[in-house]
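One structure is given below, encoded as structure tokens.
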Amino acid sequence: MMTDNFKSYTDKLSDILEKKNEAYGNSFDKSLDDLGLIAGVTRIYDKQNRLINLVKNPKIDDLGESLTDTLTDLAGYAILMVRYLDARRNR
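According to the UniProt record's numbering, the stretch in the sequence shown is residues 1 to 91, in order.
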């Protein structure tokens with residue numbers, strides 16, 4: 001059994017999402033407002049393809065985005081979509 005604290009991962013992801021949201025002006029929600037849910041699905045799909053390529057070709061990792069970065073981004077996009085859906089449902 002892993003002894004890692006899940007909260008440390010979610011805290012790190014929360015910090016990343018907040019910083020990116022400040023830097024990019026909540027572009028994720030804006031893209032979903034403008035283009036629909038498919039905009040979020042597309043971002044997840046792109047990251048999924050990157051993940052597959054990184055697993056198949058580990059040397060790609062040397063180009064800048066690690067497997068861990070890609071998985072973190074995938075988790076982030078999933079959370080952003082849940083947040084977006086919850087906000088729209090509670091209007």
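Every residue, glycine too, gets a C-beta built ideally from N, C-alpha and C.
- Counting along the chain, G25 sits inside no alpha helix (DSSP H), nor does DSSP assign it H or E at all.
- Annotated as distal: I44 and Y9, with beta-carbon spacing of 8 Å or more.
- Counted as a single uninterrupted DSSP element, the alpha helix (DSSP H) harbouring L74 occupies residues L67 to R89.
- Rounded to whole angstroms, the separation of the alpha carbons of D29 and L67 is 25 Å.
- Taking the Cβ atoms as the reference, T70 lies roughly 6 Å from L54, within the contact range of under 8 Å.
- Excluding five sequence positions before and after I60, the CB atoms of its chain that fall closer than 7 Å to its own CB belong to N53 and L54, given in chain order.
- In the DSSP assignment, I38 falls within the unbroken alpha helix (DSSP H) covering I38 to K56.
- The distance from the Cβ of L74 to that of G40 is about 12 Å, inconsistent with a contact at the 8 Å cut-off.
- In the three-state DSSP reduction, D11 falls in the helix class (H, G or I).
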